[in-house]
Amino acid sequence: MKKEDPSSSTSSQLILESGDPKNQRRRFKRLRRRSFLKGIGVAGAASVGAGLLAQTSSAFAQEGPEEHSGRLTRGDAALLRFAAAAEILETDFWVQYNELGGIPDSEVPGGSGNAPYTAALAVLDEDMAQYIHDNTDDEFTHQNFLNAYLASKGASTVNLEPFRTLPGSTATGSSGKLRLTNLTQLTLDTSWWTRYRSSTKNPDLGDSFPQAVPTLAVGQHTAIPRTDNDLNDPNFLQAIANTAAFHFPTIEQGGNSLYPSMAQRATHVEVLRILISIGPTETMHFQTWSDKAGNAPPLTDPTNGLVFPDLNAPPFGGETFETNLIMPEPCPFLSPKLPIVSIIRPTETKGIAMGVVNFLTAMGLFIGQSPQFFEVLKDLAADADAARRGR
Ligand SMILES: [Fe+2]
Ligand SMILES: [Fe+2]
Numbered sequence: 353m354k355k356e357d358p359s360s361s362t363s364s365q366l367i368l369e370s371g372d373p374k375n376q377r378r379r380f381k382r383l384r385r386r387s388f389l390k391g392i393g394v395a396g397a398a399s400v401g402a403g404l405l406a407q408t409s410s411a412f413a414q415e416g417p418e419e420h421s422g423r424l425t426r427g428d429a430a431l432l433r434f435a436a437a438a439e440i441l442e443t444d445f446w447v448q449y450n451e452l453g454g455i456p457d458s459e460v461p462g463g464s465g466n467a468p469y470t471a472a473l474a475v476l477d478e479d480m481a482q483y484i485h486d487n488t489d490d491e492f493t494h495q496n497f498l499n500a501y502l503a504s505k506g507a508s509t510v511n512l513e514p515f516r517t518l519p520g521s522t523a524t525g526s527s528g529k530l531r532l533t534n535l536t537q538l539t540l541d542t543s544w545w546t547r548y549r550s551s552t553k554n555p556d557l558g559d560s561f562p563q564a565v566p567t568l569a570v571g572q573h574t575a576i577p578r579t580d581n582d583l584n585d586p587n588f589l590q591a592i593a594n595t596a597a598f599h600f601p602t603i604e605q606g607g608n609s610l611y612p613s614m615a616q617r618a619t620h621v622e623v624l625r626i627l628i629s630i631g632p633t634e635t636m637h638f639q640t641w642s643d644k645a646g647n648a649p650p651l652t653d654p655t656n657g658l659v660f661p662d663l664n665a666p667p668f669g670g671e672t673f674e675t676n677l678i679m680p681e682p683c684p685f686l687s688p689k690l691p692i693v694s695i696i697r698p699t700e701t702k703g704i705a706m707g708v709v710n711f712l713t714a715m716g717l718f719i720g721q722s723p724q725f726f727e728v729l730k731d732l733a734a735d736a737d738a739a740r741r742g743r
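Going by our numbering, the sequence shown opens with residue 353, and the numbers climb by one from there.
Laid out in structure tokens, this is it:
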């Protein structure tokens, strides 16, 4: 197995590969900036002590420009770091949901609950608050474990705390702390609904899928009460809760694809084990939430034309939309010549990390974030996508 040489980096390789001195200078300038930014998001293992969450902007001071991967291959470390970044972002927005619509407690602290929003979520299922709590708890453990594992191998960890700059909700129940993600301007691609119900199409074979809630895919919609004013109109509040209920599976189906997609390029069997052990928990989240989303009451948002249709009625309805079909329909896989099979899709590994960044960005989850945030995230994604399975 090829070990990471801490003195080498993608950056220095790029410089060496460039023949033209003018190009070299240009690249060096760009890479110095890239390295500086990476220093913000990637913390040296030394900064990871007992309290991982206690990591703060000290990453600025403690981390030099180069990337450390310790005893992991560079590719394996990059795959785990991208997963860690995704989990940190997941944790951040699940915390916002838990503060307002979950069960704030010692296990998942922060906030004090918002009764009207919690009640609107409970219209879909009386266990919504508990599930939100448990999903949030899971995400905390994902980010903590991944960073702790990286640190245990002497590799750099991920710290996005310097980007905790977004204001979040000021509604009753919110802790009011600054956020990494924005849940108030979401545009949701709900084509996963039809993708997992199709027995003839697979996105990895170039197929595309209709939206379950077409109006969620346009405009911007809040999934949490932004202020207590958002609690006044019961139809608007239910539209907010419905938006959250479709946001949950929209996110979790992403994790459900991300892990098996990245796992194909893991080198060390233990890194493979981590990826294929966390991934299926995202699948468990996805299936739970896809079941709950099916209970979203049909309604029209009185403020902006957002329509939650009755998915069991025309022009929807039929196998592609029926709400009680929450197990994946078997579909073509690898080749249309092979028999259909029940699988996770997509699982194409090429470009998966950048694909996830683009997916989350298009969702509006990062509206308000700084250009530096996007650079760090893209940097982590580019490194993960560059990982190659070694022998
Ligand atoms: Fe997760
Ligand atoms: Fe998740």
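Every residue, glycine too, gets a C-beta built ideally from N, C-alpha and C.
Nothing here was measured: the structure is a model prediction, and the numbers come from that model.
A straight-line Cα-Cα distance of about 22 Å links proline 519 and valine 510. Methionine 614 is a Cβ neighbour of isoleucine 704, given a cutoff of 8 Å.
Here valine 510 carries a strand assignment [DSSP, helix/strand/coil]. A straight line joining the alpha-carbon of valine 709 with that of tyrosine 501 spans about 23 Å. In this model, aspartate 580 and valine 394 are separated by some 37 Å (Cα to Cα).
Taking 7 Å as the cut-off, the C-beta of glycine 607 counts as close to a heavy atom of ligand 2. Non-local C-beta neighbours of glutamate 700 in its own chain, meaning closer than 6 Å and more than five positions away in sequence, comprise Asp556, ordered along the chain. Using a 10 angstroms sphere on the CB of arginine 625, the tally of other CB atoms stays under 16, which defines it as exposed. For histidine 485, the distance from the CB to the nearest heavy atom of ligand 1 is not below 7 Å. For leucine 518, the three-state secondary structure derived from DSSP is strand.
In this structure phenylalanine 598 touches alanine 648 by the C-beta definition: roughly 7 Å separates them, less than 8 Å. Beta-carbon to beta-carbon, alanine 575 and leucine 538 are separated by about 6 Å, close enough to satisfy the 8 Å threshold.
Note that the region 631 to 644 does not touch the region 656 to 667; fewer than 3 beta-carbon pairs, one per stretch, sit closer than 8 Å.
Checking the 7 Å criterion, the Cβ of histidine 573 is out of range of every heavy atom belonging to ligand 2. Relative to the Cα of phenylalanine 668, the nearest Cα in the group Met679, Pro650, Leu732 belongs to Pro650. When secondary structure is reduced to three states using DSSP, alanine 429 falls in the helix class. Taking C-alpha positions only, alanine 665 is separated from threonine 652 by approximately 16 Å.
Our two residues, phenylalanine 726 and serine 508, have alpha carbons roughly 19 Å apart in a direct line. Contact between phenylalanine 711 and glycine 606 holds, since their C-beta atoms are separated by about 6 Å, short of 8 Å.
One alpha carbon belongs to threonine 602, the other to serine 504, and they sit about 32 Å apart. The C-alpha of threonine 488 is placed about 11 Å away from the C-alpha of glycine 462. Around the beta carbon of lysine 702, a 10 Å sphere encloses fewer than 16 other beta carbons of the protein chains shown; the residue is thus reported as exposed. Counting only the Cα atoms, leucine 568 lies some 16 Å from asparagine 587. With a contact defined as Cβ atoms closer than 8 Å, proline 577 and serine 521 qualify at about 6 Å. The C-beta distance from glycine 506 to arginine 426 rounds to 13 Å, too long to fall under 8 Å, and the pair is not in contact.
With a cutoff of 8 Å on beta-carbon distance, leucine 732 and leucine 431 are scored as not near each other. Secondary structure within the region 556 to 635: not one fully enclosed beta strand (DSSP E) run of 3 or more consecutive residues is present. Under the DSSP assignment, proline 468 falls in the alpha helix (DSSP H) whose first and last residues are 467 to 474.
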